[in-house]
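Using the working numbering, read the sequence shown as starting at 238 and increasing by one per residue. Remarks on the structure that follows.
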Amino acid sequence: MTNLAIECSGVGKTYKEFTLKDINLRLEKGQVMGFIGPNGAGKSTTIRILMGLVYQDRGEVRVLGHCMPDAQALAKRDIGYVSEDMRLFPNATLGWHMGFMQKIYPAWDTKYAEDLLHRFDLKASQKIKGMSHGQRVKSTLLLAFARFPKLLILDEPTTGLDPVARQEVLSAMMEVLADEDRTILFSSHNTQDIEHLSDSITFIDRGEVISSSTKDDFMDRWRRVRVELPQGIDLPNVPGVKHIQRSGSIAVVTTGLFNGTTTELIESGGGKILGVEPMTLEEIFVTDVSASRGRALT
């Protein structure tokens, strides 16, 4: 039996003005994967394929062991899906929605749903149309969490939230996720959200996966190295270099394969190390996308 909740192999989809190209994706059960890409990168198309809402033109997709789209009805019983544009019934209360979900899903946990009401600072008696955008997002999260799906797919759930509401939603999500062993695919173009919540990270741009690894691996192997180079000395070849910025005798080298030999290699070539700086996930993402696009242009 596979330990993978999501498995995509060579998945592609061609539209008139966009192509999803050979997506390979692996998400182990019990893990949270951040799926990061600019707007229009292919995140939502990939998720729609995973949900059986769009059929791939090529490649194989398995979700919770089920072949998609053929077995989508079986897979969807155990998937909780939340996106920022989901629509609830505006004239109904949150309590009505909770009762409706309880009738459909046998795994619905009434006590846990009540606990989430308190955590998310929501009221069951409130109508959806009277809620703020942040409250509606938290309501959809509650409706997904309380039925204990085996897989949660969150498609840009914090898009459009003001900074206060976004932080409230993230804090509530982190509190819930700390209590449970969840399998989650979390799509966003906001790297700060991903950095807080994810175990592994996948970058996608222009319909292609450009990097995929654990979060710790990304944070450990990406560095900016400031180097002083004497006149007439060129920077030696350093593995994994994504960007070099040089001003006079000072060079700033960004590498995605930093290790103990990186500084030794630079120094052996005549360079003097002035500093080694860690990078934020946002800096890593922007650099990796820029480097990938640069390669595509050559």
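Virtual Cβ for every residue (Gly too), placed ideally from N, Cα, C.
Please go through the same chain and pick out, in chain order, the residues whose beta-carbon is closer than 7 Å to the beta-carbon of residue i, but skip the five residues on each side of it.
i	result
T428	I273, L518, E519, F522
D315	L301, P386, K387, L388
K375	F357, L359, V406, A409
N261	C245, S246, G247, V446
Q363	T330, L331
D430	T395, L407
Against chain B, does residue i count as a neighbour if the rule is that its beta carbon must be under 7 Å from one of theirs?
i	result
L359	You won't find chain B in this structure, because it holds only one protein chain.
Where DSSP assigns a beta bridge to residue i, which residues make up the other side?
i	result
H303	V300
G317	L389
P394	None, per the DSSP bridge assignment.
E465	I487, K509
I481	V490
V248	I260
R295	G249
T330	K364
Going by DSSP in three states, residue i sits in which element: helix, strand or coil?
i	result
G497	helix
V269	strand
T239	coil
Q363	coil
V489	strand
D259	strand
L290	coil
T517	coil
S369	coil
R458	helix
G531	helix
F357	coil
R324	coil
V475	coil
R384	coil
D346	coil
E504	helix
I341	helix
A312	helix
I470	coil
Taking buried to mean at least 16 other C-beta atoms within 10 Å of its own C-beta, is residue i buried or exposed?
i	result
P386	buried
G271	buried
E393	buried
A242	buried
A350	buried
F255	exposed
T492	buried
L534	Below a pLDDT of 50, predicted positions are generally treated as unreliable, and L534, at 46, falls in that range; the measurement from the model is reported next regardless. Flag for L534 reads exposed.
T347	exposed
F440	buried
V401	exposed
D471	exposed
S448	buried
H303	buried
T377	buried
I365	buried
M411	exposed
T499	buried
Ignore the nearest five residues each way along the sequence and tell me which others in residue i's own chain have a CB closer than 6 Å to its CB.
i	result
L257	G249, K250, G279, T282, G444
G317	A381, P386, L389
R295	G249
K266	N240, A242, T420
P515	none
L391	V319, F423
E297	S246
D418	G267
Grab me the residues of residue i's own chain with a C-beta within less than 8 Å of its C-beta, minus the 5 sequence neighbours each way, in chain order.
i	result
D436	Q268, V269, M270, T451, K452
M338	W345, L380, A383, R384
A361	T330, L331, G332, M335, L354
L287	I243, C245, V298, V300, M305, I390, L422
G397	E321, H370
Hey, which unbroken runs of the alpha helix (DSSP H) at 4 residues or more fall wholly within the stretch 400–451?
-> Here the runs fully enclosed are 400–416, 428–434.
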